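Structure record follows, encoded as structure tokens.
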Amino acid sequence: MSRYSLKPLPERSDIFEVAVGWDPGLSTFFVMVFGVADAGWDPDVRYWQGRRPGQIATINELQDTVASYADIPSVLVGRLVNDQRDPNTSPPQRLSRLISQLLNC
10 MSRYSLKPLP ERSDIFEVAV GWDPGLSTFF VMVFGVADAG WDPDVRYWQG
60 RRPGQIATIN ELQDTVASYA DIPSVLVGRL VNDQRDPNTS PPQRLSRLIS
110 QLLNC
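Residue numbering for the sequence shown follows this note's numbering, starting at 10 and increasing by one per position.
Structure (structure tokens):
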């Protein structure tokens with residue numbers, strides 16, 4: 010699994026972090042948006058897509074999903090495409106799907 014941190018858009022001062030990556034077990038890209046934390050608390054998850062198998066199947070879908078929160082730099086687009094293509098990053102898919110089902114994702 011890969012995970013990269015993106016800087017939120019300047020107008021999104023309510024956002025602390027935007028995380029994107031590739032989950033080979035679920036065969037999907039994912040995006041998680043974390044809000045700014047209150048003093049002493051961890052940031053809360055405001056938005057999360059890519060929890061289900063194949064939910065975000067292409068890099069274009071990922072870019073569209075992230076667009077209102079952050080921009081994905083072109084060099085990172087290349088890394089994500091490589092992550093998706095790399096057969097060595099795939100954990101056993103049955104286990105990942107079982108975990109997804111258990112979590113009702």
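Note that the Cβ used here is the ideal one computed from N, Cα and C, for glycine as well. These figures come from a predicted structure and were not determined experimentally.
Measuring alpha carbon to alpha carbon, tell me which residue in the options is nearest residue i.
i: Pro62; options: Ala28, Phe38, Val54, Asp95; result: Phe38
i: Pro82; options: Asp47, Ala28, Met10; result: Ala28
i: Asp47; options: Leu18, Asp23, Trp31; result: Asp23
Just the Cα atoms here: how many angstroms apart are residue i and residue j?
i: Val121; j: Asn91; result: Residue 121 is absent from the structure shown; the chain starts at 10 and stops at 114.
i: Gln64; j: Gln58; result: 7 angstroms
i: Gln72; j: Gly34; result: 21 angstroms
i: Leu85; j: Val42; result: 17 angstroms
i: Asp51; j: Asp95; result: 33 angstroms
i: Arg88; j: Asp32; result: 13 angstroms
i: Ala76; j: Arg60; result: 18 angstroms
Hey, quick one: how far does the alpha helix (DSSP H) through residue i stretch, first residue to last?
i: Gln58; result: Not the alpha helix (DSSP H): Gln58 falls in the beta strand (DSSP E), residues 54–58.
i: Val6; result: Summary: the structure shown does not reach residue 6, with the chain confined to residues 10 through 114, and so no result is reported for it.
Beta carbon of residue i: closer than 7 angstroms to some heavy atom of the ligand ATP?
i: Val84; result: Because no ligand of any kind appears in the structure shown, any question about the ligand ATP cannot be addressed here.
My guess is that residue i and residue j are in contact by the Cβ rule of under 8 angstroms, so how many angstroms apart are they, rounded?
i: Arg21; j: Tyr56; result: Their Cβ separation, rounded to whole angstroms, is 11 angstroms, which puts Arg21 and Tyr56 out of contact at 8 angstroms.
i: Val45; j: Phe25; result: 5 angstroms
Where does the unbroken beta strand (DSSP E) through residue i begin, and where does it stop?
i: Val27; result: 24–32
i: Ser14; result: 13–15
i: Gly44; result: 37–44
Is residue i close to chain B, meaning its C-beta is less than 8 angstroms from at least one C-beta of that chain?
i: Glu26; result: Absent from the structure: chain B. Only one protein chain is present.
From the DSSP secondary-structure annotation, give me the bridge partner or partners of residue i.
i: Ala79; result: Pro17
i: Val84; result: DSSP, once it has assigned bridges, lists no residue as partnering Val84.
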